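Trainee: For the sequence shown, my numbering begins at 1052 and goes up steadily by one.
Every residue gets a Cβ at the ideal spot worked out from N, C-alpha and C, and that includes glycine.
Note that the coordinates shown come from a computational prediction; the quantities given were computed from them, not determined experimentally.
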Amino acid sequence: MTSNDLGHINNLGRAHTNALKKTWRSLIEAISKETSLSGKYIADSVYVDELFRAMGYDNPDVLILRWLRSRKWDVNASVHQMIETMKWRRDWGVQELVAKGERARCLMKKEKMRRESINAGICNMSKIENLIL
């Protein structure tokens, strides 16, 4: 498979172009539904932010076409996959990982593991109190 095959950005048939347009519309509707935002306000949503960060410097249509091809041109399935990917990127802190690198993340985990705790006694409600330093 090469980038000149049918279904890639410079070689789209009418059905592929229509699927791409429909995917953009469906994606906007899905983000609007997920965030309860509408119109121009969805641009401020976490999903749109993660989507644009995923695109980086690529052509946005290339990214959407990649999802469409992976789902055999099923618009609903590809939109669902995109939304789940944006959730995953947000939940796992992909942007932080890209910005700071894996080394910084590993150092943060080691720092958390080094923290000590001290048993401070029992509170008024007979619960054990621990202080984490």
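According to the Cβ coordinates, are N1127 and S1077 closer than 8 Å?
Mentor: Yes, the Cβ-Cβ distance between N1127 and S1077 is below 8 Å.
Trainee: Would V1149 be called buried (16 or more neighbouring beta carbons within 10 Å of its own) or exposed?
Mentor: exposed
Trainee: Do the region 1110 to 1125 and the region 1081 to 1099 make contact, defined as three or more Cβ pairs closer than 8 Å?
Mentor: no
Trainee: With DSSP collapsed to three states, give me the class of I1082.
Mentor: For I1082, the secondary structure class from DSSP, reduced to helix, strand or coil, is helix.
Trainee: How big is the Cα-Cα spacing for A1105 and V1145?
Mentor: 9 Å
Trainee: Using the Cα positions of G1152 and I1093, report the straight-line distance between them to the nearest angstrom.
Mentor: 29 Å
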